[in-house]
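A.B. asks: Below are the structure tokens for one structure; questions will follow.
Protein chains: 2
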Amino acid sequence: MTKQEKRPYHHGDLRRVVLNTAMAMLTEPEGVNFTLREVARRAGVSHAAPYKHFADKAALLTEMALVGFDRLTATLTETVQKAPEDFASKFFTAAAAYMDFAKQNPALYRLMFGGEFGTIAAHLDPRALNAFDFAVSLIEEGQRQGKVRERPSRGQATACWAQIHGLTMLELNGLLQPEKVGDNAIELALTALLEGLQA
Amino acid sequence: MTKQEKRPYHHGDLRRVVLNTAMAMLTEPEGVNFTLREVARRAGVSHAAPYKHFADKAALLTEMALVGFDRLTATLTETVQKAPEDFASKFFTAAAAYMDFAKQNPALYRLMFGGEFGTIAAHLDPRALNAFDFAVSLIEEGQRQGKVRERPSRGQATACWAQIHGLTMLELNGLLQPEKVGDNAIELALTALLEGLQA
DNA sequence: GCGGCATGTAGACGCTGTCAACTTAAAGCG
DNA sequence: CGCTTTAAGTTGACAGCGTCTACATGCCGC
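Spelled out as structure tokens, the structure:
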């Protein structure tokens, strides 16, 4: 019996287990109503055990949102590294990766931006702003290449983020159906913004 | 199967009263936890009475979201009518009105786009798509004036909607603070898109 | 004037988030 | 090495929620 000497307490490291269980529950087909007691049940502990690690439900949700931001930033950074050098390619690649992340974790994405109680607090956390910083540096790189207009980079980055976030939300809510919005709506929308950014 | 809403019945026309009460509750300072029983309490009826008019909580929320879309479309149409004729002015005016609506009814706006249970169904309702149609016709008018590039109007409209919706969401979540995003971020973002749309 | 049916009420059920009191076992101290 | 402190987990309770069923009420068309 190998004991975990790194985790010096009672049963196991419940905090991590609870967090992982909760994250996994979000990945399931939507509609599962997310309940603290169900998390505890699946983690195999009593219904009040999570309270030893999270002040309340909102605290758990906030932490989950932050994990989501970490993952999103990681995915973006990683994906863009493999993209061609020119700005336009990076722009489209990042946008695709972003929307793909949201489509594969819709509940998580909604939690991150949905404005549930604790989530707003999460947005002020540095971990949540890494994704924005990523956009800023992408813009600035484009400016150095002479591909992006010389305007305040954070304003341009805001434009990108808003556009992609908006598209993502509309998509998640099922609004971007071809019969309503035409074919290639996403591509067209991204192109429109891109041309507004370009020098 | 005919609903008789205006005709006098038992107490009053509860459906409307419940709906109004619920809408009013959303306008209050955020944080009020929205509960069916509380709505009934404020409407002065028993806790189960609303079930005679709404199948469940989601149905009420859906109806509320639809009312929100009606109001939003009305506000946009009305505001833009008073704006100068040129496309850019209308674009900025509409954007400002849109964001103003959201800022003055944050909870309602979040309900409309938040993806709560019944809300997704609401998006497929024609009433919810009027706002999009409004954007489309604005774009087409701009194209007729030769101010907007000749591309599929619904794609361009999608770009507008996504951008403004994205900005609105970021704003509501408190992300557009000058120290993070720079000054005039909203204006800069809108300008970037506008230039991508223009011919 | 009467009976049906839409409208509203009362009460119950199982579930939830949260708290307080209790138990357990690892850690720290002499 | 034993004793105490105390963090980690359990149990049981409470109020409040959404929703269902059974019952009461009174407006309608006949």
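One line per chain: the protein sequences are A and B, in this order.
Counting in this note's numbering, the first sequence runs from 1 upward without gaps.
Counting in this note's numbering, the second sequence runs from 1 upward without gaps.
Even for Gly, the Cβ is constructed at its ideal location relative to N, Cα and C.
(1) Going by DSSP in three states, Gln145/B sits in which element: helix, strand or coil?
(2) What number of angstroms, rounded off, separates the C-alpha of Glu28/B from the C-alpha of Ala107/B?
(3) Roughly how many angstroms lie between the CA atoms of Ala74/B and Glu38/A, to the nearest whole one?
(4) Please report the distance separating the alpha-carbon of Leu138/A from that of Ala95/A.
(5) Which chain B residues sit within Cβ distance under 8 Å of Thr158/A?
(6) For the 8 Å Cβ check, are there 3 or more pairs between the segment 131-148 of chain A and the segment 124-143 of chain B?
(7) State yes or no: is the beta carbon of Arg127/A nearer than 8 Å to at least one beta carbon in chain B?
(8) Decide if Leu61/A is buried, meaning its Cβ has at least 16 other Cβ atoms within 10 Å, or exposed.
(9) Taking all protein chains shown into account, do 16 or more other C-beta atoms lie within 10 angstroms of the C-beta of Arg16/B, making it buried, or fewer, making it exposed?
(10) Ordered along the chain, which non-local residues of its own chain (more than five positions away) have a Cβ less than 7 Å from that of Gln143/A?
(11) Do you know offhand how far Asp226/B's Cα is from Phe54/B's?
(12) Taking any Cβ of chain A, which residues in the segment 41-73 of chain B have a Cβ under 8 Å from it, in chain order?
(13) Is there a Cβ of chain A sitting closer than 8 Å to that of Pro152/B, yes or no?
(14) Starting from Asp100/A, trace the alpha helix (DSSP H) both ways and give me its first and last residue.
(15) Is Leu172/A closer than 8 Å to Ala215/A when the C-beta atoms are compared?
(16) Using a Cβ-Cβ cutoff of less than 6 Å, which residues in the same chain neighbour Lys57/B once the five nearest sequence positions on both sides are dropped?
(17) Counting only C-beta atoms, is Leu111/B closer than 8 Å to chain A at any point?
(18) Using the C-alpha atoms, what's the distance from Asp13/B back to Ala162/A?
(19) Decide if Glu85/B is buried, meaning its Cβ has at least 16 other Cβ atoms within 10 Å, or exposed.
C.D. replies: Concretely, from the data shown:
(1) Position 145 of the second sequence, counted from the first residue, corresponds to residue 145/B. The answer is coil: DSSP assigns Gln145/B none of H, G, I, E or B.
(2) What you label residue 28/B is simply residue 28 of the second sequence in a count that begins at 1. What you label residue 107/B is simply residue 107 of the second sequence in a count that begins at 1. Distance between the alpha carbons of Glu28/B and Ala107/B: 9 Å.
(3) Numbered from its first residue, the second sequence carries residue 74/B at position 74. Numbered from its first residue, the first sequence carries residue 38/A at position 38. The straight-line gap from Cα to Cα measures roughly 43 Å.
(4) The sequence position of residue 138/A within the first sequence is 138, counting from 1. The sequence position of residue 95/A within the first sequence is 95, counting from 1. Those two C-alpha atoms are separated by around 12 Å.
(5) Sequence index remark: in the first sequence, residue 158/A carries index 158 (1-based). Those within 8 Å of Thr158/A in chain B are Leu167, Leu170, Leu176, Val181, Gly182, Ala185, Ile186, Leu188 and Ala189.
(6) The segment 131-148 of chain A, when compared against the segment 124-143 of chain B, does not touch it at the 8 Å Cβ threshold.
(7) Your numbering for residue 127/A matches position 127 in the first sequence. Taking Cβ atoms only, chain B never reaches closer than 8 Å to Arg127/A, which makes this a no.
(8) By 1-based counting over the first sequence, the position of residue 61/A is 61. When all chains shown are included, Leu61/A counts as buried.
(9) Translated into positions along the second sequence, residue 16/B becomes position 16. Under this definition Arg16/B is an exposed residue.
(10) Position 143 of the first sequence, counted from the first residue, corresponds to residue 143/A. Taking C-beta separations shorter than 7 Å and ignoring five residues to either side along the sequence, the partners of Gln143/A in its chain run Glu150 and Ser153, following chain order.
(11) Shown here, chain B extends from 1 to 199; a query on residue 226/B therefore has no answer.
(12) Listed by position along the chain: nothing, the set is empty.
(13) Against the second sequence, residue 152/B aligns to sequence position 152. Taking a beta-carbon distance threshold of 8 Å, Pro152/B counts as an interface residue toward chain A.
(14) Position 100 of the first sequence, counting from 1, holds the residue named residue 100/A. Segment Phe87 to Gln104, the alpha helix (DSSP H) holding Asp100/A.
(15) Residue numbering for chain A in the displayed model covers 1 to 199; residue 215/A lies beyond these limits and cannot be assessed.
(16) On the second sequence, residue 57/B is found 57 positions in, with the first residue counted as 1. In the same chain as Lys57/B, and ignoring 5 residues on each side of it, the C-beta atoms closer than 6 Å to its own belong to Leu36, in chain order.
(17) Residue mapping note: residue 111/B aligns to position 111 of the second sequence, counting from 1. Using a Cβ-Cβ cut-off of 8 Å, Leu111/B does not count as an interface residue toward chain A, since no Cβ of chain A sits closer than that to its own.
(18) As a position in the first sequence, residue 162/A is number 162, starting the count at 1. As a position in the second sequence, residue 13/B is number 13, starting the count at 1. Between Ala162/A and Asp13/B, the C-alpha separation is close to 42 Å.
(19) Here residue 85/B refers to the residue found at position 85 of the second sequence. Label assigned to Glu85/B: exposed.
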